[in-house]
Amino acid sequence: MAWENGNQISRSKYDDLNKELLAMEGYIDEREAKILLYKFLRENITFTTDLISGVKLFPFQHMAIKAMFETDYFMGVWSRGMSKSFTTAIYAYLDAIMNQGVEIGIISKSFRQAKMIFKKIEDIASKPEALYLNQCITHKSKSNDEWLLEIGSSRIRALPLGDGEKLRGFRFHRIIIDEFALMPERIYNEVIIPFLSVVENPTQREDLYNVESELIRQGKMQESDRHVWPNNKLIALSSASYKFEYMYKAYEQFENLITQGGTKQSDAHRVIMQFSYDCAPKQLYDKNLIDQAKSTMSQSQFDREFGAIFTDDSSGYFKTSKMAACTLKEGQAPSIEVKGDPDQKYLLAFDPSWAESESSDDFAMMVFKLDDEKKMGTVVHSYALSGANLKQHISYFHFLLTNFNIVSIVGDYNGGVQFMNAANESNLFKKNKIEIKFINTNFDDVENYQDSLIEGKREYNLDNNTICYLRKPTSQWIRRANELLQSNFDHKRVLFASRAIDDAYNTQRRKQIPIDSLEFLRPSLSHEKQTKESKMIDFVEHQFDMIELVKTQCALVQITTSASGTQSFDLPRNLRKQTGPEKARKDSYSALVLGNWMVKLYYDMTDAKIESVTSTFTPMFIK
């Protein structure tokens, strides 16, 4: 760990306070005692945290919280497992206690994640040793889209990210961003930054300035003694990202302003704390965990998640930078969808899994929104779930069929036959009179591909649901399908939907769907009781997480060639050895490969010309 001061002047108000206190003699009155106690608690964060909440800070947490108090812009690039959310929760309640009237907003990639910091404050306050903290909390409320905790006149709020308009309605003095790497650039620039530029109590500031100016004119006060009003604060924490992503751009801006200064912006104080796993106390990390991470992650992934190092790009067959370029920006259409537009067409791809263990492969389904003009698809909805039974997967499959205008289905032949038969025979499908039929044309004959398209077009019948093709994963097809996906990434012929924010977010969360009956999280993660409205927020935000998961899985895929020349596309060998619910998977990637291939096949069949046969024979009697 290295330390660089930069060109910023220290702002600590009480640098020599402890020395002053030790040197004090005699008696002090109650008011002065209260002021000195406040200053002491403010300067000695580790002691204060232990006193108020019974939490004993590690040295790096003490440094971080002190920096959060002293600076205006705090960026923490920390290794996974270094208690980012926990440390931030401690800062939040300390700031709320010591700066009465402060408004603190907590936002993250999802409302679920923002609530985690909120919950950590609750968890700490619920312990017997946190009696003082618990007494400081004067009110709590939890609505569908806002969690509020009041400490005296201070308020801490956790809010969904997607509702930008709701965010704009608040005037926060502190903004806490968890998982900054996943913060949309537009939200950061258009919503977060304006918060930080709005001054608190402008009238009071003007009145005090005028009074001070008069005292200075009379010689009763020095210019250097003017009251310094605190600036608004940004607290941003995250693991490291790729260098082509926005977080690295913000990181470089911070670094330049810290080291160079010389602008009006340099009046705001900034700090970057970059902690790799080897900066953490031994109590936080099991050496075996680090050794396992090194052996099961790619080097670039380990560098980002544990080394707090920004990396250039993924090292797999599919480049993360290419997929990022194929991801629509916030505000661009289409965004993720929880229910389709009935006037649009959609394609459904699935990669089945029969195991019911949370440590098994995911059952993956993916929905592409079709663009007839450009003859391409955009991923707008994704499902990936382990630990669920067949009935749950069929239920979600039925949800997609009845809430999206599905015109084509493709699945992995291995397991797909059994799944489709089970779905067709299920009570749910029979009750709703749904039966999906199969296209049996063989499309593997490259030389006679056009003839196959005509045959497939004749078989395809949307009216009677003959729309499903089960793809046998031959080695030749796997190679061609992966090459097609890579080419489509290069030429932006397949897209990933944007995150739903502002109007798009509100549109999706108001969609009428059977949200109560939908299971989209592993059983171990879905224990929280929620209202219908709250679950809908999680569902909308979950869809963006699922699309990010697809890209993450693609980035891990590597190509290997056997001695006979057969190419394989799979996770690295070390990742295939992983076990447990959090193991690396590739099922969403497989669904993407299938769907991308089927989009091309669908439009190839659509464009195929079926020649009409004109009769030239005239019947006659022959004597």
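So the sequence shown is numbered by this note's numbering: it starts at 25 and just counts up by one. Glycine included, each C-beta is placed from N, C-alpha and C at the ideal position. For clarity, every value in this text was computed on a predicted model and none was experimentally measured.
Which residues DSSP lists as bridging residue i, in chain order
{"i": "G604", "result": "DSSP, once it has assigned bridges, lists no residue as partnering G604."}
{"i": "H405", "result": "V391"}
{"i": "D594", "result": "Q582"}
{"i": "T335", "result": "Y266"}
{"i": "K363", "result": "In DSSP, K363 forms no bridge with anything."}
{"i": "V434", "result": "A373, Y493"}
{"i": "V295", "result": "F98"}
{"i": "N485", "result": "T490"}
{"i": "F462", "result": "C492"}
{"i": "M400", "result": "D395"}
{"i": "D202", "result": "L261"}
{"i": "K164", "result": "L173"}
{"i": "R179", "result": "E127, E174"}
From the options, residue whose alpha carbon lies closest to that of residue i
{"i": "K556", "options": "G78, L549, E543", "result": "E543"}
{"i": "P208", "options": "F568, T630, Q582, L573", "result": "F568"}
{"i": "I539", "options": "K306, R523, K559", "result": "K559"}
{"i": "A373", "options": "D396, K363, G401", "result": "G401"}
{"i": "G105", "options": "L60, A120, A317, A292", "result": "A317"}
{"i": "C492", "options": "R517, K516, E54, G440", "result": "G440"}
{"i": "W102", "options": "I525, I282, I296", "result": "I296"}
{"i": "I502", "options": "K454, L573, S592", "result": "S592"}
{"i": "F334", "options": "S262, T351, I360", "result": "S262"}
{"i": "S132", "options": "G186, V617, N213", "result": "G186"}
{"i": "E397", "options": "V623, P605, S476, Y156", "result": "V623"}
{"i": "I259", "options": "K363, A412, F278", "result": "F278"}
{"i": "A357", "options": "S300, N488, S522, P605", "result": "S522"}
{"i": "G17", "options": "L424, G604, W378", "result": "The structure shown does not extend to residue 17, since the chain is modelled only from 25 through 647, so no value can be given for it."}
{"i": "I583", "options": "V617, E380, D594, V574", "result": "D594"}
Alpha-carbon to alpha-carbon, residue j and residue i
{"i": "I571", "j": "H405", "result": "7 Å"}
{"i": "L45", "j": "K90", "result": "20 Å"}
{"i": "S290", "j": "A113", "result": "With a pLDDT of only 49 at S290, under 50, the local geometry of the prediction cannot be trusted, and no value is derived from it."}
{"i": "R533", "j": "E382", "result": "28 Å"}
{"i": "Q416", "j": "Y266", "result": "36 Å"}
{"i": "T531", "j": "L75", "result": "47 Å"}
{"i": "Q85", "j": "N123", "result": "20 Å"}
{"i": "Y627", "j": "K399", "result": "6 Å"}
{"i": "I675", "j": "I478", "result": "Only positions 25 to 647 of the chain appear in this structure, which leaves residue 675 out of reach."}
{"i": "F421", "j": "M389", "result": "8 Å"}
{"i": "L308", "j": "R192", "result": "38 Å"}
{"i": "R328", "j": "A264", "result": "5 Å"}
{"i": "R181", "j": "G129", "result": "5 Å"}
{"i": "M629", "j": "V518", "result": "18 Å"}
{"i": "L625", "j": "N255", "result": "58 Å"}
{"i": "K108", "j": "S432", "result": "44 Å"}
{"i": "L599", "j": "K607", "result": "8 Å"}
{"i": "W621", "j": "I141", "result": "42 Å"}
{"i": "F194", "j": "D385", "result": "43 Å"}
{"i": "I561", "j": "M321", "result": "32 Å"}
{"i": "S410", "j": "Q137", "result": "21 Å"}
{"i": "F563", "j": "K601", "result": "31 Å"}
{"i": "A274", "j": "G100", "result": "12 Å"}
{"i": "F135", "j": "E565", "result": "8 Å"}
{"i": "M271", "j": "V403", "result": "24 Å"}
{"i": "V79", "j": "D53", "result": "31 Å"}
{"i": "A349", "j": "F520", "result": "9 Å"}
{"i": "H293", "j": "T95", "result": "5 Å"}
{"i": "E483", "j": "L172", "result": "58 Å"}
{"i": "P376", "j": "M347", "result": "24 Å"}
{"i": "R179", "j": "A505", "result": "53 Å"}
{"i": "G480", "j": "F462", "result": "10 Å"}
Collapsed DSSP secondary structure at residue i in the structure displayed
{"i": "S290", "result": "Because the pLDDT of S290 is 49, which lies under 50, any placement of that residue in the model is unreliable, and the number read from its coordinates should be weighed accordingly. Helix."}
{"i": "C350", "result": "coil"}
{"i": "H422", "result": "helix"}
{"i": "K139", "result": "helix"}
{"i": "V215", "result": "helix"}
{"i": "L519", "result": "strand"}
{"i": "E127", "result": "strand"}
{"i": "K633", "result": "coil"}
{"i": "S16", "result": "Beyond the ends of the chain as shown, which are 25 and 647, falls residue 16; an answer cannot be given."}
{"i": "I502", "result": "helix"}
{"i": "V564", "result": "helix"}
{"i": "T555", "result": "coil"}
Assess contact between the region 133-153 and the region 584-596, defined as three or more Cβ pairs (one per stretch) separated by less than 8 Å. Is contact present? no
Using 8 Å as the Cβ pair cut-off and three pairs as the minimum, do the region 449-467 and the region 510-517 touch? no
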